[in-house]
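In mature numbering (1 follows the signal peptide of the UniProt record, and there is no 0), the protein residues as written are -22 to -1, 1 to 527.
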């Protein structure tokens, strides 16, 4: 979850719990090089206590599908008016031979001999002070810290990369830093070695391809707890020493959450799960195998809000990190999934009432956002500022789409489809149309209308409904109208609960499918009901108002 740093626990539960086109998604043409595929990044970074300047050397192994001789990598250049940006000092082949390059438009352009479909390696040496991406600051205890903060495409502020979620690669980090810091990064810890002048080198290696948005390092004074392991995956908590007593309690549910998701979705893709206290701009950031949580979210006791946050970020390890959206316009495949799977974990841990409380809070978020952005859709390639995609359409409405899909297909088929989707797109990229195709294959149902109306159509159904009892025909007459002003109508499955004098359910209607603006349903019923409740199981994203109430 990329929650902005405000409100924290007060708004956590709200925030957590709170496409079908074949062409390239919306942003890819601006941010990618079709035919260029990075296989591995070997990052070496030197950090200092005397300056915010870093020194970097990155080895990049990639292929070109054609005979192009110029390739580029994203790297923010120095600005005339500021002291931030990265200046490239040299580009070479692995044997040290210099390679021609130029730096312009926040990219490094490299000229190479053509080598179609052959691996090519280059080494880029650079230095500078990052404006974003690597946050160098003081934590709440006044201690200096360094934390990667890459989403959406801020890795390029301190790492030369193809900074788009579709170009996934393995990576390694070798961090040269003062020996007072402990270093966390993606993947498996390799080793630490002492260096002269009170410094040390720490090396981590991630052998699973991941998008650049979740390739990070963290450097701080840490206390580390080994929580245990799940299926051979070690679970760790990394806390600032002054927070460790409380924070170890907060982060401990991660082991059970990891076990739940492995059992429900499929294998975990990474070498460890480290939950890390950090000083960054987000409430939580799902970096692959080393999740960063904001330092202000420390409670020191079992807390369902904190569990919801942990579950959200851990769910991202499957959805967003492993099965990655092909483009930012498909962000709901990451955030909508994490939002709903956090709620599913809470349902598992605390019961259905908790799930419904979360769904209803999320519904309120969706309604309020739709009032502000009535034309907004879940799949959105129009945002000029990618941070604007961090909104209730991507999170809460995306989560509600999965909840509705679960009830459209039934629990068994839904989970079968989720496992099949994850298996097919594990460590790869997907679009909404891919999820639709998997769910159609598993269920045997055509889901085009479902995905079209919920992902590509703005708003939600606003239902006005009323009932009358026809004693002569012994039938309940239900009149329903869609009153939303978006100009588009939805196909909606409706169920009505028929209640007796004590408010308990006597019976309920079969599923009635509304496809028109106005419809009347006639349901056989022996006696006049005391009261009627619409959507008793809370399975449809809609605002429903009963006439006369």
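Think of the CB as a built atom: it goes at the ideal place given N, C-alpha and C, for glycine as much as any other residue.
As the crow flies, the alpha-carbon of residue 384 is around 8 Å from that of residue 391. For residue 21, the pairing in a beta bridge is given by DSSP as 36 and 151. Per DSSP, reduced to three states, the secondary structure at residue 502 is strand. Between residue 113 and residue 258, the CB-CB gap stays under 8 Å.
Within the DSSP secondary-structure output, residue 201 pairs in a beta bridge with 217.
Contact check for residue 126 against residue 156 fails: the beta carbons are separated by 8 Å or more. Listed as beta-bridge partners of residue 271 by DSSP are 255 and 262. A distance of 8 Å or more separates the beta carbons of residue 487 and residue 496.
The alpha-carbon separation between residue 465 and residue 438 amounts to approximately 11 Å. In terms of CA proximity to residue 460, 441 leads the group 447, 441, 30 and 448.
With contacts defined as CB atoms closer than 8 Å, residue 153 and residue 197 qualify as a contacting pair. Contact between residue 184 and residue 164 holds: their C-beta atoms lie close to 4 Å from each other, under 8 Å. As for any beta strand (DSSP E) of minimum length 3 sitting wholly inside the stretch 377 to 429, the runs are 406 to 408, ordered along the chain.
When 422, 323, 289 and 245 are compared, the shortest CA-CA separation from residue 404 is found for 245. The Cβ atoms of residue 67 and residue 19 lie no closer than 8 Å to each other. Three or more beta-carbon pairs drawn from the stretch 75 to 94 and the stretch 40 to 53 are found closer than 8 Å, and the two stretches are therefore classed as touching. The beta carbon of residue 195 sits closer than 6 Å to those of 126, 151, 153 and 163, all from its chain and outside the five residues before and after it, given in chain order. Assignment of residue 168 by DSSP, reduced to helix, strand and coil, places it in the strand class.
Around residue 149, the same chain offers 19, 184 and 193 as residues with beta carbons nearer than 6 Å, after the five sequence neighbours per side are excluded.
Annotation: the continuous beta strand (DSSP E) that includes residue 51 extends over 48 to 52. Between the beta-carbon of residue 199 and that of residue 160 there is about 7 Å, and that keeps the pair under the 8 Å contact cut. Within a 10 Å sphere around the beta-carbon of residue 94 sit fewer than 16 other beta-carbons, which makes this residue exposed. In this structure, residue 128 lies away from residue 62, with their beta-carbon atoms at least 8 Å apart. By the neighbour-count definition (other C-beta atoms within 10 Å, threshold 16), residue 358 is a buried residue.
By the Cβ neighbour-count rule, residue 261 is buried, with 16 or more other Cβ atoms within 10 Å of its own. Note: residue 440 is bridge-paired with 521 in the DSSP secondary-structure output. Between residue 226 and residue 203, the CB-CB gap stays under 8 Å.
In this structure the stretch 5 to 13 lies against the stretch 35 to 50, because at least three pairs of beta carbons, one per stretch, are closer than 8 Å. Check the Cα spacing between residue 317 and each of 368, 172 and 527: the tightest is with 368. Taking all protein chains in view, the Cβ of residue 172 is surrounded by fewer than 16 other Cβ atoms within 10 Å, so the residue is classified as exposed. In this structure, residue 443 places its C-beta atom within 8 Å of the C-beta atom of residue 525.
The C-beta of residue 253 has 16 or more other C-beta atoms within 10 Å across all chains shown, which makes the residue buried.
According to DSSP, residue pairing for residue 64 in a beta bridge involves 106.
Spatial neighbours of residue 207 in its own chain (CB-CB distance under 7 Å, excluding positions within 5 residues in sequence) are listed in chain order as 213.
For residue 185, the enclosing beta strand (DSSP E) starts and ends at 177 to 188. Here residue 14 is bridged, per DSSP, to 42.
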